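Please read the structure below before turning to the comments.
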DNA sequence: TTATCATTTTCGCAAATGTAGAAACAAATG
DNA sequence: CATTTGTTTCTACATTTGCGAAAATGATAA
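Residue numbers (our numbering), protein chains in the order written: chain G, 7 to 134; chain D, 7 to 134.
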């Protein structure tokens, strides 16, 4: 069932020569197509992997808000809030609108929020 | 347009009293319903926010694999690989199957992989 | 102009986090 | 028994991170 190839290079990083070399090669080849994108995808999820930022996204899902309002919702300083907003704006998730001294943020894409809510449901299903 | 309420508590964490107190209260109330779940959701995304783990998921999307094969695909030690596998198994994403000395891992839910591939497409759309 | 206000940015740090190595351990095999 | 495969614990290291403090920006008001 398990083909332990005789042509294993002893210099391999993994010392256990248990693997199916052909299978590994095939999967490496398949992965190589997506490999470039994976760091981007990881960065995408990293940005989502923070309760404060998720709160911001859910809050903006309700309504456009100024930085100060968001800061109050989060009970956080405006500087810290602004920092988080910037990171998400850079990711393309948020848009800003200047109005005098105030700056208003809103979701750029409603799809993101939908995805979040969908994932919340998946999560609940997992936990049952 | 902006209602600056007179009943602002001067002890507020945020020093700028620019906010629409009613709006903030309303949004806080709405968020409070989801607030409990948000740390879980963040943990979910944190686990996805790593290129190595994403590689594992995509690899297992192709085929069930033993730890050693996965380690070779990742070019990582079996110990490190096993650690990552454990974290994802704990999250409920993977299942393991013992077969003699070998241990095989597979995706528990195909939905996760579908979601990943969907998010990859969203990402590509964003970047255009 | 000067002052004030909302926000942004820079700097920097303390704390948290994550990754993975080494080695001990477990379980299966021969 | 010795090997093999995988897991776990302990550990150390580097990196990341979130955020405070304070200066800077840019708009508005006096």
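Every residue, glycine too, gets a C-beta built ideally from N, C-alpha and C. This structure is a prediction, so every number in the text was calculated from the model and none was measured.
Requested in this report: Could you tell me which residues DSSP puts in a beta bridge with residue 73(G)?
Outcome: Within the DSSP secondary-structure output, residue 73(G) pairs in no beta bridge.
Query raised in the report: Would DSSP call residue 102(D) helix, strand or coil?
Result: Three-state DSSP puts residue 102(D) in a strand.
Report task. Can you check DSSP and say which residues form a bridge with residue 51(D)? Result -> Beta-bridge partners assigned by DSSP to residue 51(D): none are found.
Query raised in the report: When DSSP builds the beta bridges, which residues end up paired with residue 44(D)?
Result: According to DSSP, residue 44(D) bridges with nothing at all.
Query - Pick from 59(D), 115(D), 35(D) and 28(D) that is closest to residue 81(D), judged by C-alpha positions - result: With distances taken between Cα atoms, residue 81(D) lies closest to 59(D).
Query - Exposure label - residue 61(D); buried when at least 16 CB within 10 Å - result: When all chains shown are included, residue 61(D) counts as buried.
Query raised in the report: Who does residue 109(D) pair with in a DSSP beta bridge?
Result: DSSP output for residue 109(D) lists 104(D) as bridge partner(s).
Query raised in the report: How many Å lie between residue 128(D) and residue 74(G) at the Cα?
Result: Whole-angstrom Cα-Cα distance: 30 Å.
Query raised in the report: Where do the N-terminal and C-terminal ends of the alpha helix (DSSP H) with residue 63(G) fall, by residue?
Result: Residues 57-68.
**Report entry** Whole-angstrom distance between residue 69(D) and residue 85(D), CA atom to CA atom
**Finding:** For residue 85(D) and residue 69(D), the distance between alpha carbons rounds to 21 Å.
Query - Boundaries of the alpha helix (DSSP H) in which residue 83(D) is found, first to last residue - result: Taken as a continuous stretch (DSSP letters only), residue 83(D) belongs to no alpha helix (DSSP H), as it is neither H nor E.
Query raised in the report: Using the rule of at least 16 other Cβ atoms within 10 Å of the residue's Cβ for burial, across every protein chain shown, is residue 26(D) buried or exposed?
Result: The Cβ neighbour count for residue 26(D), taken over all protein chains shown within 10 Å, is at least 16; the residue is labelled buried.
**Report entry** residue 123(G) versus residue 71(D): straight-line alpha-carbon distance, rounded
**Finding:** Rounded to whole angstroms, residue 123(G) to residue 71(D) spans 32 Å at the Cα level.
Query - Selection from 66(G), 63(G) and 118(G) that minimises the alpha carbon distance to residue 125(D) - result: Of the listed residues, the one whose Cα sits closest to residue 125(D) is 118(G).
Query raised in the report: To the nearest angstrom, how far is it from the Cα of residue 90(D) to the Cα of residue 111(D)?
Result: Answer to the nearest angstrom: the Cα atoms are 12 Å apart.
Query raised in the report: Thinking C-beta only, is residue 113(G) closer than 9 Å to residue 67(G)?
Result: With respect to the 9 Å criterion, residue 67(G) and residue 113(G) are classified as neighbours on the basis of their beta carbons.
Query - Contact set for residue 79(G): own chain, Cβ-Cβ below 6 Å, skip 5 residues either direction - result: 65, listed in sequence order.
Requested in this report: Select from the stretch 62-78 of chain G all residues with a C-beta closer than 8 Å to any C-beta belonging to chain D, and list them in chain order.
Outcome: Cβ contacts with chain D: 64, 65, 68, 69, 71, 72, 74, 75, 77 and 78.
**Report entry** Straight-line Cα distance separating residue 115(D) from residue 92(G)
**Finding:** Spanning the two alpha carbons is a distance of roughly 34 Å.
Report task. Evaluate residue 55(G) with the Cβ neighbour count: other Cβ atoms within 10 Å of its Cβ, from every protein chain shown; 16 or more gives buried, anything less gives exposed. Result -> So residue 55(G) ends up on the buried side.
Report task. Return helix, strand or coil for residue 26(D), following the three-state DSSP convention. Result -> Note: residue 26(D) maps to coil in three-state DSSP.
Query raised in the report: Does at least one heavy atom of the ligand MN sit under 8 Å from the Cβ of residue 28(D)?
Result: Because no ligand of any kind appears in the structure shown, any question about the ligand MN cannot be addressed here.
Query - Euclidean distance between Cα positions of residue 76(D) and residue 34(G) - result: The straight-line gap from Cα to Cα measures roughly 10 Å.
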